[in-house]
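Protein chains in written order, with the numbering used here: chain A, 4 to 239; chain B, 13 to 318.
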């Protein structure tokens with residue numbers, strides 16, 4: 004299968020700051036692709052540009068053969084692209100179930116209830132706490148909620164921004180296990196991570212970002228084995 | 013019995029403040045801005061109702077109209093006032109506030125004050141500066157305890173309208189898809205967009221609802237104190253804003269509670285302490301409450317997890 008997401012030469016600015024300098028990459032259907040790199044390398048900015056929260060001045064973004072350039076974020080979701088934002092950003096004053104309903108905001112019809120059940124089977128904790136206000140959940144549970152919420156839009160491509168951030172190691176493991184499960188169930192995944200080791204271990208391919216540019220690309224295994232990557236990002 | 017009468021006056025006045033405060037608080041909660049022109053939308057609602065009633069009185073109703081006919085005219089005048097104010101609110105938001113979505117809050121605040129003066133001056137130009145004598149939409153009073161307690165039907169209608177609006181809004185924001193989208197926008201606009209929620213459309217909707225409520229408040233306010241002029245909405249607008257802050261801005265039950273308490277404090281202060289000092293007493297109470305509880309009576313504290 005060909006690429007479902009094709010990003011070509013995007014340039015993004017925050018005011019005068021040139022945050023993304025001509026990045027190009029693609030994600031093929033069924034893959035897990037990861038963007039790794041240090042803090043401030045432009046990983047999150049790249050995701051936000053794809054999801055329409057930020058806009059590129061140049062180049063093109065194609066999703067399932069359709070251009071996403073200039074399309075506002077609220078219209079991108081219904082095309083099959085969901086983002087789990089950095090810092091989870093669940094709606095803290097709404098209940099768990101209301102958060103999940105918001106994930107299905109653009110959908111209508113009978114499939115929603117079935118998907119809600121599906122999310123609850125992926126995340127039994129959320130089922131137990133469905134009537135609770137999201138602000139009362141732990142960090143790990145909020146991450147699960149953010150992922151479940153994104154799944155409620157039935158995405159063809161799920162973009163995860165730092166899902167392991169701030170979580171205890173045991174929870175990080177759980178989150179990565181869920182990502183693998185989602186992938187096995189057929190979801191294509193674009194994963195942004197600072198935890199390069201864990202990300203590369205489950206990724207088909209990876210891109211390494213440095214100060215707004217892609218400096219290296221390869222399969223997960225290649226990048227894991229590369230001495231330079233090891234030195235720069237894997238602590239040894 | 014005297015106390016009860018003052019209390020009912022206070023609850024009725026407070027209900028008007030509460031209806032206005034609900035508009036303030038919804039717009040604040042979702043658009044994160046203080047719409048100081050909200051009070052002037054009330055005035056516009058009053059004028060629309062005034063002219064509809066005059067027009068109907070001159071052209072449609074006969075010499076001695078039946079109670080049913082006057083009632084129908086009153087209802088139509090309220091509905092038209094709501095329609096005009098809804099459109100006005102959406103237009104104000106689209107023309108004046110939307111272009112400033114990314115601007116600092118000070119720019120938006122100054123614009124809102126500008127819109128407020130614009131509306132007052134436009135009203136002066138269109139309707140004249142002379143006060144109009146507003147005919148209350150309902151007349152008469154309920155006499156209880158052998159004439160010891162009199163409650164005007166306007167007061168009763170105001171209280172009922174406020175409770176109905178409050179319950180309606182609570183159900184709307186709690187249960188409906190649009191209402192939930194509003195709550196999502198109020199918490200995190202970026203995340204709401206990622207859900208596919210059109211933030212601009214949601215903010216427009218909020219202004220529409222708030223302005224329709226302002227129209228209702230305008231008609232009730234002018235029925236309570238029947239002098240209509242271009243500045244009619246300013247002071248109640250400021251007091252309702254105070255009520256919204258008092259109750260916890262952004263909170264719907266807070267606006268309701270804040271409005272009611274403000275009205276009661278005002279009525280009792282006027283009755284037992286001093287008419288001239290009633291506003292000072294009102295704001296003194298506000299200051300004390302905010303010193304003790306800065307987020308307002310029902311202001312929400314949200315625990316943030318890292």
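Yeah, the Cβ is synthetic: ideal placement off N, Cα and C, and Gly gets one too.
CA nearest to the CA of residue i, picked from the options
i              : options                           : result
residue 231(B) : 105(B), 150(B), 46(B) and 72(B)   : 150(B)
residue 43(B)  : 97(B), 199(B), 17(B) and 145(B)   : 199(B)
residue 250(B) : 35(B), 228(B) and 284(B)          : 35(B)
residue 227(B) : 20(B), 22(B) and 52(B)            : 52(B)
residue 89(A)  : 48(A), 70(A) and 99(A)            : 48(A)
residue 185(B) : 213(B), 156(B), 264(B) and 136(B) : 264(B)
residue 65(A)  : 174(A), 98(A), 29(A) and 166(A)   : 29(A)
residue 45(B)  : 115(B), 61(B), 55(B) and 241(B)   : 115(B)
residue 80(A)  : 63(A), 61(A), 56(A) and 97(A)     : 56(A)
residue 112(A) : 40(A), 234(A), 13(A) and 157(A)   : 157(A)
residue 252(B) : 157(B), 97(B), 14(B) and 54(B)    : 54(B)
residue 35(A)  : 27(A), 43(A) and 6(A)             : 6(A)
residue 91(A)  : 84(A), 102(A) and 123(A)          : 102(A)
residue 166(A) : 159(A), 174(A) and 160(A)         : 174(A)
residue 68(A)  : 131(A), 31(A) and 59(A)           : 31(A)
Rounded straight-line distance, which links the Cα of residue j to that of residue i
i              : j              : result
residue 115(A) : residue 202(B) : 23 Å
residue 147(B) : residue 57(B)  : 14 Å
residue 40(B)  : residue 210(A) : 43 Å
residue 46(A)  : residue 212(A) : 7 Å
residue 316(B) : residue 138(A) : Reliability of the predicted coordinates at residue 316(B) is poor, the pLDDT of 41 falling under 50, and the value obtained from them is presented with this limitation in mind. C-alpha separation (whole angstroms): 7 Å.
residue 25(A)  : residue 100(A) : 40 Å
residue 221(B) : residue 78(A)  : 25 Å
residue 190(A) : residue 214(B) : 31 Å
residue 207(A) : residue 33(A)  : 9 Å
residue 125(A) : residue 182(A) : 10 Å
residue 79(B)  : residue 29(B)  : 29 Å
residue 287(B) : residue 233(B) : 19 Å
residue 90(B)  : residue 84(B)  : 10 Å
residue 98(A)  : residue 148(A) : 10 Å
residue 134(A) : residue 140(A) : 11 Å
residue 261(B) : residue 304(B) : 16 Å
residue 61(B)  : residue 235(B) : 11 Å
Residue i (DSSP reduced to helix, strand or coil)
i              : result
residue 256(B) : helix
residue 107(B) : helix
residue 314(B) : Confidence in residue 314(B) is poor, its pLDDT being 45 and thus under 50, which makes the residue's placement too unreliable to answer from.
residue 266(B) : helix
residue 134(A) : coil
residue 207(A) : coil
residue 6(A)   : strand
residue 116(A) : helix
residue 89(B)  : helix
residue 249(B) : helix
residue 195(B) : helix
Boundaries of the beta strand (DSSP E) in which residue i is found, first to last residue
i              : result
residue 162(A) : 160-164
residue 22(A)  : 20-31
residue 195(A) : 191-196
residue 93(A)  : No beta strand (DSSP E) holds residue 93(A); DSSP gives it neither H nor E.
residue 63(A)  : 63-66
residue 40(A)  : 35-40
Paired residues, beta bridge with residue i - DSSP
i              : result
residue 216(A) : 213(A)
residue 86(A)  : 162(A)
residue 154(B) : 163(B)
residue 145(B) : 239(B)
residue 13(A)  : 26(A)
residue 221(A) : 209(A)
residue 69(A)  : 66(A)
Limits of the alpha helix (DSSP H) - the one that residue i falls within
i              : result
residue 287(B) : Taken as a continuous stretch (DSSP letters only), residue 287(B) belongs to no alpha helix (DSSP H), as it is neither H nor E.
residue 215(B) : 211-236
residue 65(B)  : 50-71
residue 74(A)  : Unbroken run through residue 74(A): none, as it is neither H nor E.
residue 26(B)  : 14-43
residue 206(B) : 201-206
residue 186(A) : 172-187
residue 114(B) : Segment: none, residue 114(B) is in no alpha helix (DSSP H) and carries neither H nor E.
residue 230(A) : 230-236
residue 152(A) : 142-154
residue 81(A)  : Taken as a continuous stretch (DSSP letters only), residue 81(A) belongs to no alpha helix (DSSP H), as it is neither H nor E.
residue 48(A)  : 46-53
residue 140(B) : Residue 140(B) -> no alpha helix (DSSP H), and no H or E assigned at all.
residue 106(A) : 99-106
Contact test: residue i Cβ vs the ligand HEM heavy atom, cutoff 6 Å
i              : result
residue 255(B) : Of the ligands one can find in the structure shown there are none, so the ligand HEM has no counterpart to examine.
Near-chain E residues of the stretch 91-115 of chain A - C-beta to any C-beta below 8 Å: Among the protein chains in the structure shown, which are A and B, there is no chain E.
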